[in-house]
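Chains as they are written, first to last, in this note's numbering: chain Z, 26 to 326; chain R, 1231 to 1687; chain X, 307 to 611. Glycine included, C-beta positions come from ideal geometry on N, C-alpha and C. Working notes, structure below.
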């Protein structure tokens, strides 16, 4: 990653530099940035290429960069092997619910931790962080037992196992990552804004709603995209909690293609691409909200 | 399935919550020692008894109340479709029983199964790998099918004997084999023709294998490294090849009482040594690192022969290889191969054991076995199908079916995963991936740990 | 967790009655408190209870006291897992953060097509670990791998990246950094939005002045984001599992096993959930200690508004 050093390395040359030099430097810098971007993309391009290859082309040595005739049947084969349309709907549903729940519950908690004064604030925040530290593998079974124990009015078993609920309800009950992320951003919003509003008679809810949330848009967008992505890419929880294949998510369904046989690579890559495209679109759309570059005016008073 | 307030709280939940409670109480300094409550036992025992209500004799089919049972398997999309077809056919015969299929990939399957059992939500019927059976059976989570077999007059003799035996214990019969996997020698006919080498047959022995592999190992582009290998196999599990080599050399992996390993004997070491030599001395087989990431060299058309399992047949056929199948080459002590059944077992806590038994029985029936056979991924466990239609189902199927006559069952004992991890970590690092040690040295290094694991039978 | 600068300052400036704000806090925290009590506290306490038992998941657990913890201390595989995990944390966290910070500064500009370049850097993040692992298997494969082919052009002998004991962990670290880079870049980019852009617009100043401005103005304003990504990377790195699971099939060697893999294999493969839970509590205490150290140090370098 040596291409990136221009951004942080201290220039040793004496200033001021000739203007011409600066233009050259900038061109080199942009060139390196683009080159790095291409480097990051190469594996992705390889995925696209592999998804269109025949089996023979996957194994060929020397490596075949592009398939002779793109094999689009790989996509239909993959799509028809399992009920992917249902998977897609399930994935979208869970990702949207998780994103909404996380944004709401975490922004509220973060506001309390960053702005409000109350007893045991420090210890409570520490307790929240602690939940990040326990590896998921060991709480899997206690969690399962909990969801097995919770009654569910509509499920066949009468509990939460086999339903989508264990996969999203928790998002509405806070989360250490989101709360911590938003707390850090709320802390960097000048308190004077809140104080002024309070003098004007605003209550904490109004301050949260009208000052903190709008100013934290970049952070909220960041959290939204992460939450959406994690929900989208999670396959272990859906597999553990779901029973019926039709209730699976895209990523859980794709895991069924996994295996040690290389012959499956084109299908696996086709599946991976289909599952990643919604995320790319989301990222392209959402990035306006968290990266505004020079057009953005600082909020510091 | 209806909700039953008494059982909706899982037994294990009670246990874990009880343990927490005990801990908290103990921490507060109040209580004397508590043992974990064992609330699981009564209800399980009650449901384990075959229902006497349905007094119908042998093959009258299921006459109990309407029931829905869950059936959990591992597999890829094609296996899922095949099993779903079996389930649908079963429902036609037994309209009162609905079977819900749940699938996962191999790795997640076991995590999900254990989580389900621990959390009180296990499937009624699930697939069981032969070697892992003792770990589950000895812990009391499987239903003894013996009473059901006796009552329905089901003839166990219609299923492959070794496979049935893999699920038999001193106390009962805890599952029926669903399908079988055997190890054979796959060969690429085109490569043999090109090198003008005669196809492998039942007369082949180790020496012949090595000689042919030498003729088939070629450096076509002259870079000093072979581009075509004579032989390929997987070294990371005993089943793929090396347990067969141990048997072919007159050795044994595990002692008859399963309480110690016999890998330290000269015969066993000799079998393993043959495999190390194929890689590092004869150099007719690629070192494992070369294909660790990209997968099967034979499937990729980069090896002329492969010793491996019947489950690879559909993979190799779809890869477009001119596939030949031969028995494994004989060793100094004669012919041997490995057989490993996948069983269908019933959860001891199942609320519908009668329906579950009906389904397990159906899975072993010729109708279901014929359906399974069409996948070509495994051998039917039902003798009628195995000796009948299976032999003609694809070129080489007969060889696989005949090999059962001299096959040894894949070792199965409590602590199988633990044993394999300890053993293979040593073998992979020091014998196969790099020849840091001879087989003798490596086995001697892990022998005490292996025997320690086995002592806990 | 004594150092929360915002809190100390806030207390000094307090105007309204604390009771009122306490009630509001309860309202804002209600979902989180319910979640903590039901979803987190229960399961976490359960693992502590389980760590004091011998439990195979299939039968009732039996209390064994601290036996599991004692056994861990002399378990060679666990000690190797600890060593490998420390190596992973000590390399992937600092390298990943520095690269991500530099990239974020570079990407926080208005040049034509910057959105596409940003998306390129973000691609590995959205791709599932399974797909990423397959791609890296292809890159690192000793025979047909991209890396060895590229090195071959430079006349460097091919290596077995995922098999040679000294190369496995560095290879996995490289893949993890590549995959996780975009996550930290995005957090830094969002953090940069709070900084007046004249301060960051590096093109307007040259040389030493630019460095000084970055060092004394931009960097301090970014410290809350750096602090955050640092904590998260630290915690996540100690839990490295996915990469090992997918790149070291069917099982890691003693050079690549990590603590969470050890926990997984004991809990779900060896029927020793009590032992696995004990290992997870040892890991928990280690991570908690480092996190605490990190928090303790934040007053010295993290600047909130």
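For a contact defined as C-beta to C-beta under 9 Å, what are the partners of residue i on chain X?
| i | result |
| --- | --- |
| residue 56 (chain Z) | Those within 9 Å of residue 56 (chain Z) in chain X number zero; the least Cβ separation is about 11 Å. |
| residue 1654 (chain R) | 556, 557 |
Taking residue i as the query, report the chain X residues whose CB atoms sit under 8 Å from its CB, ordered along the chain.
| i | result |
| --- | --- |
| residue 290 (chain Z) | 440 |
| residue 1549 (chain R) | Result: empty, since nearest Cβ-Cβ is about 17 Å, beyond 8 Å. |
| residue 1687 (chain R) | Here the premise fails: no neighbours, minimum Cβ distance about 13 Å. |
| residue 237 (chain Z) | Residues of chain X passing the Cβ test: none, with the nearest at roughly 11 Å. |
Considering only residues of the same chain and omitting the five flanking positions on each side of residue i, which have a CB-CB separation below 7 Å?
| i | result |
| --- | --- |
| residue 134 (chain Z) | 199, 204 |
| residue 477 (chain X) | 446, 467, 468 |
| residue 99 (chain Z) | 76, 77, 291, 292, 295 |
| residue 1477 (chain R) | 1566, 1638 |
| residue 1653 (chain R) | 1676, 1680 |
| residue 496 (chain X) | none |
So who's on the other strand from residue i, going by DSSP bridges?
| i | result |
| --- | --- |
| residue 1463 (chain R) | R:1537 |
| residue 1576 (chain R) | R:1355 |
| residue 1553 (chain R) | R:1418 |
| residue 148 (chain Z) | Looking at the DSSP assignment, residue 148 (chain Z) forms no beta bridge with any residue, so it has no partner. |
| residue 1413 (chain R) | R:1539 |
| residue 1330 (chain R) | R:1300 |
| residue 1678 (chain R) | Per DSSP, none; premise fails for residue 1678 (chain R). |
If residue i and residue j are in contact, beta carbons under 8 Å, what's the gap, nearest whole angstrom?
| i | j | result |
| --- | --- | --- |
| residue 1405 (chain R) | residue 1575 (chain R) | 4 Å |
| residue 1613 (chain R) | residue 1388 (chain R) | 6 Å |
| residue 1416 (chain R) | residue 1505 (chain R) | Rounded, the Cβ-Cβ distance is 17 Å, inconsistent with contact. |
| residue 1557 (chain R) | residue 1629 (chain R) | 6 Å |
| residue 171 (chain Z) | residue 349 (chain X) | 7 Å |
| residue 594 (chain X) | residue 155 (chain Z) | 7 Å |
Which chain Z residues sit within Cβ distance under 9 Å of residue i?
| i | result |
| --- | --- |
| residue 421 (chain X) | 309, 312, 313, 316 |
| residue 459 (chain X) | Here the premise fails: no neighbours, minimum Cβ distance about 12 Å. |
Below 7 Å on C-beta distance, what does residue i contact in chain X?
| i | result |
| --- | --- |
| residue 124 (chain Z) | What residue 124 (chain Z) touches in chain X: nothing, since even the nearest Cβ is about 14 Å away. |
| residue 1340 (chain R) | 574 |
| residue 1466 (chain R) | 556 |
| residue 1663 (chain R) | 469 |
Can you give me the Cβ contacts of residue i inside the same chain, cut-off strictly under 8 Å, excluding the 5 residues immediately before and after it?
| i | result |
| --- | --- |
| residue 1634 (chain R) | 1390, 1392, 1410, 1412, 1569, 1609, 1616 |
| residue 412 (chain X) | none |
| residue 1624 (chain R) | 1543, 1547, 1606 |
| residue 591 (chain X) | none |
| residue 606 (chain X) | none |
| residue 235 (chain Z) | 222, 227 |
| residue 1667 (chain R) | 1660, 1661, 1675 |
Mind pulling the chain R residues with CB within less than 9 Å of residue i?
| i | result |
| --- | --- |
| residue 468 (chain X) | 1519, 1522, 1523 |
Which residues in chain R have a C-beta closer than 8 Å to the C-beta of residue i? List them in chain order.
| i | result |
| --- | --- |
| residue 362 (chain X) | 1369 |
| residue 386 (chain X) | Correct list: empty, because the minimum Cβ distance to chain R is about 10 Å. |
| residue 560 (chain X) | 1655, 1659 |
Along chain Z, in chain order, which residues have C-beta atoms closer than 7 Å to that of residue i?
| i | result |
| --- | --- |
| residue 595 (chain X) | Simply none; closest approach about 10 Å. |
| residue 1318 (chain R) | By Cβ distance, chain Z contributes nothing, its closest Cβ being about 14 Å from residue 1318 (chain R), past 7 Å. |
Cutting at 6 Å between CB atoms, please list the residues of its own chain near residue i, excluding the five before and the five after it.
| i | result |
| --- | --- |
| residue 127 (chain Z) | 196, 200, 203, 252 |
| residue 1621 (chain R) | 1627, 1628, 1631 |
| residue 250 (chain X) | Residue 250 (chain X) is absent from the structure shown; chain X starts at 307 and stops at 611. |
| residue 1447 (chain R) | 1456, 1459, 1460, 1514 |
| residue 1336 (chain R) | 1304 |
| residue 498 (chain X) | 414 |
Counting only Cβ pairs nearer than 7 Å, list the residues of chain R close to residue i.
| i | result |
| --- | --- |
| residue 365 (chain X) | 1369, 1370 |
| residue 448 (chain X) | 1519, 1520 |
Residue i touches chain Z at which residues, Cβ-Cβ below 8 Å?
| i | result |
| --- | --- |
| residue 1531 (chain R) | 81, 84 |
Contacting positions in the region 68 to 89 of chain Z - beta carbon closer than 9 Å to chain X
Within the region 68 to 89 of chain Z, 68, 69, 71, 72, 75, 84, 85, 86, 87, 88 place their CB atoms closer than 9 Å to a CB of chain X, listed in sequence order.
Quick one, which residues of the region 158 to 184 of chain Z are near chain R if we go by CB-CB under 7 Å, in chain order?
165, 166, 167, 169, 170, 173, 174, 181, 182, 183, 184
Residues of the region 140 to 159 of chain Z with a CB closer than 9 Å to any CB of chain X: list them in chain order, please.
140, 141, 142, 143, 144, 146, 147, 148, 149, 150, 151, 152, 153, 154, 155, 156, 157, 158, 159
Closer than 7 Å, Cβ to any Cβ of chain R: which residues of the region 88 to 106 of chain Z, in chain order?
Listed by position, the residues of the region 88 to 106 of chain Z near chain R (Cβ gap below 7 Å) are 106.
Along the region 257 to 276 of chain Z, where does the CB come closer than 9 Å to a CB of chain X? Name the residues.
257, 258, 260, 276
Residues, ordered as in the chain, of the region 1345 to 1361 of chain R that lie near chain X by beta-carbon distance below 7 Å
1347, 1348
Anything in the region 196 to 224 of chain Z with a Cβ closer than 8 Å to a Cβ of chain X? List those residues in chain order, please.
197, 198, 199, 200, 202, 204, 205, 206, 209, 210, 212, 213, 214, 215, 216, 220, 223
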